[in-house]
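Below is one structure, written out as structure tokens, with a few remarks after it.
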Amino acid sequence: MNENRLICIVDDDPQVRDSLSLMLGLKGYNCRPFDSGESFMSSMPDEPCCIVLDLKMAGMDGLALQQTLLDGDRPYAVIFLTAFADTEVMRSAFLSRAIDFLEKPVVMPRLLEALDKAFAQLNQSRQRVDLSQRMDRLTPRERDVYHLIVEGMSHREVGERLGISPRTVEVHKARIMEKLQLTSLAELMRFALKAA
Numbered sequence: 006m007n008e009n010r011l012i013c014i015v016d017d018d019p020q021v022r023d024s025l026s027l028m029l030g031l032k033g034y035n036c037r038p039f040d041s042g043e044s045f046m047s048s049m050p051d052e053p054c055c056i057v058l059d060l061k062m063a064g065m066d067g068l069a070l071q072q073t074l075l076d077g078d079r080p081y082a083v084i085f086l087t088a089f090a091d092t093e094v095m096r097s098a099f100l101s102r103a104i105d106f107l108e109k110p111v112v113m114p115r116l117l118e119a120l121d122k123a124f125a126q127l128n129q130s131r132q133r134v135d136l137s138q139r140m141d142r143l144t145p146r147e148r149d150v151y152h153l154i155v156e157g158m159s160h161r162e163v164g165e166r167l168g169i170s171p172r173t174v175e176v177h178k179a180r181i182m183e184k185l186q187l188t189s190l191a192e193l194m195r196f197a198l199k200a201a
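In structure tokens:
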């Protein structure tokens, strides 16, 4: 189950990298260790990943790496590790969408719990991107029809509102269903709730 879940471990301490890679690998995760923020940035994976990130590193520290990732367009989730807990730093990390902030030495059940949260967030992000990409396929007129249908209007009411015939509304609805890859009105309503 976890083998498709990629975890990038970014820490300048080889013992931390190796032990986390081993422990998480035994739990079935796909782990990739990096010894610095720079090495991670130079070979950052394209697929969504959870980044277990040391806060204090030489060169690019954890917060700087997180900010660089925040400015990018790749899906990721960050869990910070630190031996130096500081409320202002934690606040900054959480404001930049960190999932959790764990103190070293890492307690494995807490890390696994944080990883579950991180991968749930990545899955939600992936679903939002998919819904958005599907909505982008609609023409402006199809979007108008879509919004009125999900508000509960009949074909006749949509037609009156937009100045088109009910038959034209049906044609638009059929195209909407095809472009959104839906087969029923119930699926359309569920899609609308998720896309909202």
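Numbering follows this note's numbering, with no gaps: position 47 of the sequence shown is 52.
By construction, the Cβ of each residue, glycine as well, lies at the ideal position given by its N, Cα and C atoms.
Cα-Cα separation between residue i and residue j, rounded to whole angstroms
{"i": "L120", "j": "V57", "result": "9 Å"}
{"i": "L1", "j": "I14", "result": "Outside the displayed range of the chain (6 to 201) lies residue 1, so it cannot be described from this structure."}
{"i": "R115", "j": "P50", "result": "25 Å"}
{"i": "A63", "j": "E43", "result": "10 Å"}
{"i": "D66", "j": "A123", "result": "21 Å"}
{"i": "F196", "j": "L136", "result": "8 Å"}
{"i": "I154", "j": "L27", "result": "52 Å"}
{"i": "G168", "j": "Q129", "result": "38 Å"}
{"i": "K109", "j": "L74", "result": "23 Å"}
{"i": "G30", "j": "R148", "result": "46 Å"}
{"i": "S159", "j": "D16", "result": "58 Å"}
{"i": "L86", "j": "K61", "result": "9 Å"}
{"i": "F39", "j": "R22", "result": "8 Å"}
{"i": "S47", "j": "L190", "result": "46 Å"}
Residue i (DSSP reduced to helix, strand or coil)
{"i": "T188", "result": "coil"}
{"i": "V111", "result": "coil"}
{"i": "F89", "result": "coil"}
{"i": "L11", "result": "strand"}
{"i": "K178", "result": "helix"}
{"i": "S130", "result": "helix"}
{"i": "P50", "result": "coil"}
The beta strand (DSSP E) enclosing residue i, as first and last residue numbers
{"i": "E108", "result": "103-108"}
{"i": "R37", "result": "35-39"}
Residues bridged to residue i [DSSP beta-bridge criterion]
{"i": "R172", "result": "Its beta-bridge partners do not exist; DSSP assigns none."}
{"i": "V83", "result": "I56, A103"}
Residue i classed as buried or exposed, judged by whether at least 16 other C-beta atoms fall within 10 angstroms
{"i": "Q72", "result": "exposed"}
{"i": "H152", "result": "exposed"}
Residue span of the alpha helix (DSSP H) that contains residue i, given as start and end
{"i": "D59", "result": "Note, D59: premise wrong, no alpha helix (DSSP H); beta strand (DSSP E) at 54-59."}
{"i": "E147", "result": "145-155"}
Residue i Cβ short of 8 Å to the ligand FMN heavy atom set
{"i": "D91", "result": "You won't find the ligand FMN in this model; it holds no ligand whatsoever."}
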